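Going by the working numbering, the first residue of the sequence shown is number 215, and it counts up by one from there.
This report refers to the structure that appears directly beneath it.
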Amino acid sequence: MDRRTIQLLEFEKILKLLMEDCISEEGRMVLSLQEFITQTKELASLHDLVGEVKRYLESPVPLPYLNFGYISAIVKKGAKEGSALEGDELYLVADYIISAGKLKKYFLSGDVTGAERIKALVSEFPDVNDVASQITAVLEPTGRVKENHPAIRKLKNELKNIRSSISKAAASYLNDNKDIWQTDTPAERDGRIVLPLKSDYKGRVKGIVHHMSARGATLYIEPFELLELNNKATIIENDIVVQVRKILKSLTETVSAQKEEIISLIGNVSYLDTLMARARYSVKNRCYRARISTRVTALNKARHPLLGEKAVPINISIDGDLKILIITGPNAGGKTVTLKTVGLLALMNQFGMEIPAEEGSSLPVFENVFADIGDDQSLENALSTFSGHMNTISRIIKSSQGRTLVLLDELGSGTDPAEGVSIAMAVLDSFLDLDSVVLTTSHHGLLKNYGFTKPHVENASMEFDRENHSPTYRVIQGIPGESHAIEIARLSGLDPSIVEKAEGYMRSEQSDISTMIKELERKQNKLLEREKRLKEDIKRYDLAVLSLKQKENMARKDGFSSLNKFLNESRRNLENLVKELKEGELTREKTLKVKRFAAEIEDRLEVEKEKISAARAEAGINSDLDLKEGINVLVGNYKRKGVLLRKGRDDSWVVQVGAVRMSFPVSEITPSGESEKPDRRHSVAVSGVFSDNQPSFTLDIRGMRAE
215 MDRRTIQLLE
225 FEKILKLLME
235 DCISEEGRMV
245 LSLQEFITQT
255 KELASLHDLV
265 GEVKRYLESP
275 VPLPYLNFGY
285 ISAIVKKGAK
295 EGSALEGDEL
305 YLVADYIISA
315 GKLKKYFLSG
325 DVTGAERIKA
335 LVSEFPDVND
345 VASQITAVLE
355 PTGRVKENHP
365 AIRKLKNELK
375 NIRSSISKAA
385 ASYLNDNKDI
395 WQTDTPAERD
405 GRIVLPLKSD
415 YKGRVKGIVH
425 HMSARGATLY
435 IEPFELLELN
445 NKATIIENDI
455 VVQVRKILKS
465 LTETVSAQKE
475 EIISLIGNVS
485 YLDTLMARAR
495 YSVKNRCYRA
505 RISTRVTALN
515 KARHPLLGEK
525 AVPINISIDG
535 DLKILIITGP
545 NAGGKTVTLK
555 TVGLLALMNQ
565 FGMEIPAEEG
575 SSLPVFENVF
585 ADIGDDQSLE
595 NALSTFSGHM
605 NTISRIIKSS
615 QGRTLVLLDE
625 LGSGTDPAEG
635 VSIAMAVLDS
645 FLDLDSVVLT
655 TSHHGLLKNY
665 GFTKPHVENA
675 SMEFDRENHS
685 PTYRVIQGIP
695 GESHAIEIAR
705 LSGLDPSIVE
715 KAEGYMRSEQ
725 SDISTMIKEL
735 ERKQNKLLER
745 EKRLKEDIKR
755 YDLAVLSLKQ
765 KENMARKDGF
775 SSLNKFLNES
785 RRNLENLVKE
795 LKEGELTREK
805 TLKVKRFAAE
815 IEDRLEVEKE
825 KISAARAEAG
835 INSDLDLKEG
845 INVLVGNYKR
855 KGVLLRKGRD
865 DSWVVQVGAV
875 RMSFPVSEIT
885 PSGESEKPDR
895 RHSVAVSGVF
905 SDNQPSFTLD
915 IRGMRAE
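Structure (structure tokens):
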């Protein structure tokens, strides 16, 4: 990506916020060195991983306590021949390995679905837990060797006994001749126990003088008896130091033996840390993943990530045919912020970050992003503002290879308006020949005409609240905007008489254009309102269709239940009647009983048919009895108009929809009523569920006698 553009769009501030969300120094270093991704598959893979980590962070299970200190240099230091790491350095390595194990367990045991990639990533962590176990078995968290280490414990006990002997000997000296001592408390000089002898008695005690007080009144003397004991204590202390160095050197060799595995673990944890930082940023800033598109740029309620709660959401839609969007409107109306928002979100997306915009946003994968925003005046190079802009634009055109995003602020400004707009249009013409998406801002009126007349170019404006005389900072595509310079000048405190004169100068030339723009704004708002109502109607219709299907299912269920119950009862009664007829002679009473049973079945059938018909009518269910060849119908979920041609297979009909013939099931076909005859009967029946034929019951009584 273009480094100058990255600075102009202030991406380094986003990177700094991202690095603050890292939990390891190595993770921050990896993040600072990462480049923008321009390969679609690689970018999609990174977004998949970030999305999976985000689901973990949004789950109710919190992250465990983790301590990832900077150990890369420590491991390299320990790998040098003959080196010995300090205790605190070794414990930092152990803590890192333990934290990596906790992190691995968190992702492998978490109850999060669709996280196969991140689980595969942590499964590759090298197992170096034995290194951590050996270190923590010997060292305290402070890095000191534990007191219960066998070699250290023995030496510590010996030292304790010697110091006890030293204390007793010193007390004996001080108690025997109290007059010759300044105090009854021993002192310590250079790690040795000495006694405070008055200088007047310096010949009374044989020993070595280590120190004299400032006034010369006190001599700090080590009697020869203490000298031998102090020497023994010093030897044991040195032995302890030597033993500690041996222990630390042994642990260092353990670390060095698995140096490669530990370095690999650091790499894995650091990469995972960068994913977690991206996911944390997304959760904190209400970000969503942008779909990767081929050519469409669609940002829904996109917010500038550095403006916080002050950011006004904007909508930008650039489809595959649109190459240039010309944004006009008032000063301080949000044009430049809009450019920066689009550019910054494109950079964030290609850095593997989710963007502060609503779901459904999409962005292409740009090979480069270029911006010319701000004043390019350079006193050092003797460049005016206009010359500086031209140098930058020339460089951008030459460097625009492949799919690029170009952001040009106030194109054609800084020179004579007529020449400036001519250059601006010529520059835009050159971008039309390239595979670039260009967003440019301007105040030039002729550029608005360019946006109306040129293919693949569209106007947009920054909305202005005429009632409050202030910008709303929202982008309105399809119509150009007015600069509203006079309103802004008035609000800025310019002398009213000057403002009135300015209105007079402008009125004669701009009134027609202003009227046209206002009318376009009115029509645009009307279309947006109609679109909103249409979406609400579609939503209500979908709910109605769902309710109808539910009623249909209930009607079918009720019909089956009632009919099955009736058939089961009839079957049992018939079996009982046949059994009676077979047992004994056929009497008049039995004959009448058969007739009554047949009559009851007929009556019951009529009742069941009426119940079923009523249920179907209440649910509003259509059947193919309503459908005839040649009638007009509505088909599919969106009720497109069509004409029935013929009955198809599997309870379907062939329908002519426009110039296309399509097959639809009966459940998706509704008569439109446009070609129905006045005397047509409206039957309500469920196709394929209920039969119109009544069941017939036959009783074979051949060979029997009647009275």
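By construction, the Cβ of each residue, glycine as well, lies at the ideal position given by its N, Cα and C atoms.
Quick caveat, the model's predicted, so the values are computed rather than measured.
Between the Cα of residue i and the Cα atoms of the options, which residue gives the shortest distance?
i      : options                           : result
ASP393 : PHE438, THR432 and VAL423         : THR432
ALA293 : ASN375, TYR387 and SER464         : SER464
VAL483 : ARG744, GLY417 and LYS319         : LYS319
GLU226 : ASP647, LEU520 and ASP756         : LEU520
TYR755 : LEU841, ASN375 and GLY850         : GLY850
GLY659 : GLU624, LEU653, ALA346 and LYS524 : GLU624
ASP341 : GLY328, LEU353, ILE311 and LEU335 : ILE311
ILE461 : ARG218, SER636, ALA365 and GLY707 : ALA365
SER886 : ARG863, GLU581 and LYS853         : LYS853
LEU642 : ILE607, HIS657 and ARG617         : ILE607
LEU167 : ASN739, LYS855, GLU581 and LEU559 : The chain is shown only over 215 to 921; residue 167 falls outside these bounds and no answer can be derived.
ASP404 : PHE878, VAL423, TYR387 and TYR415 : VAL423
ILE506 : GLY707, LYS255, VAL551 and SER337 : LYS255
VAL857 : ASP865, PHE878 and ARG863         : PHE878
Please work out which residues of its chain come closer than 8 Å, Cβ to Cβ, to residue i, disregarding the five sequence neighbours upstream and downstream, and give them in chain order.
i      : result
LYS860 : In the sequence under discussion, the amino acid at residue 860 is Arg, which differs from the Lys named in the question. GLU843, TRP867 and VAL868, listed in sequence order.
LEU280 : ILE237, SER313, LYS316 and LEU317
VAL286 : Position check: residue 286 holds Ser in this sequence, whereas Val was assumed. The residues are GLU240, ILE477 and ILE480.
My understanding is that residue i touches residue j, with C-beta atoms under 8 Å, so please give their C-beta distance in whole angstroms.
i      : j      : result
VAL307 : ILE541 : With a Cβ gap of about 55 Å, VAL307 and ILE541 do not count as contacting.
ASP309 : GLY283 : 7 Å
GLU672 : LEU539 : 6 Å
VAL579 : LEU561 : Not confirmed; about 12 Å, so no contact.
ALA383 : LEU441 : Wrong, their Cβ atoms sit about 10 Å apart, outside the cutoff.
GLN457 : LEU369 : 6 Å
GLY634 : SER644 : GLY634 to SER644, Cβ: 16 Å. No contact.
GLY421 : PHE438 : 5 Å
GLU300 : GLY265 : Not really, about 42 Å apart at Cβ, beyond 8 Å.
ALA396 : LYS412 : Note that residue 396 is Gln in the sequence shown, not Ala. With 8 Å as the limit, GLN396 and LYS412 qualify as a contact, their Cβ atoms being about 6 Å apart.
By DSSP's criteria, residue i is part of a beta bridge. Which residues make up the other side?
i      : result
MET490 : Answer is none; MET490 lacks a bridge partner.
PRO278 : None, per the DSSP bridge assignment.
ASN663 : None; ASN663 has no bridge partner.
TYR310 : For TYR310, which the question treats as bridged, DSSP gives no partner whatsoever.
GLU354 : DSSP, once it has assigned bridges, lists no residue as partnering GLU354.
LYS856 : It is worth fixing the name first, because residue 856 is Gly in this sequence and not Lys. BP columns for GLY856 point to VAL847.
GLU402 : ILE407
GLU672 : LEU539
ARG505 : SER576
VAL177 : A question about residue 177 goes unanswered here, because the residues of the chain that appear run from 215 up to 921.
VAL871 : VAL874
Look up residue i in the DSSP assignment and say whether it is helix, strand or coil.
i      : result
SER575 : coil
ILE532 : strand
SER897 : The pLDDT assigned to SER897 is 36, lower than 50, so where the model puts this residue is not dependable, and the model offers no usable value.
SER650 : strand
LYS238 : Note that residue 238 is Ser in the sequence shown, not Lys. Strand.
PRO437 : strand
MET876 : strand
HIS425 : strand
GLN348 : helix
LEU223 : coil
LYS318 : helix
ALA516 : strand
LYS861 : strand
ILE380 : helix
SER246 : helix
GLN457 : helix
SER866 : strand
ARG688 : strand
PRO364 : helix
GLU266 : helix
Below 6 Å CB to CB, which residues in the same chain sit around residue i once its five sequence neighbours on both sides are set aside?
i      : result
GLN348 : THR468
THR629 : PHE600
ILE637 : GLY626
Short of 7 Å in beta carbon distance, which residues of its chain neighbour residue i, apart from the five on each side in sequence? Order them along the chain.
i      : result
SER297 : LYS291 and THR466
ASN563 : ALA504, ILE569 and LEU577
GLY872 : none
VAL497 : LYS268, LEU271 and GLU272
ASP453 : LEU369
ALA471 : none
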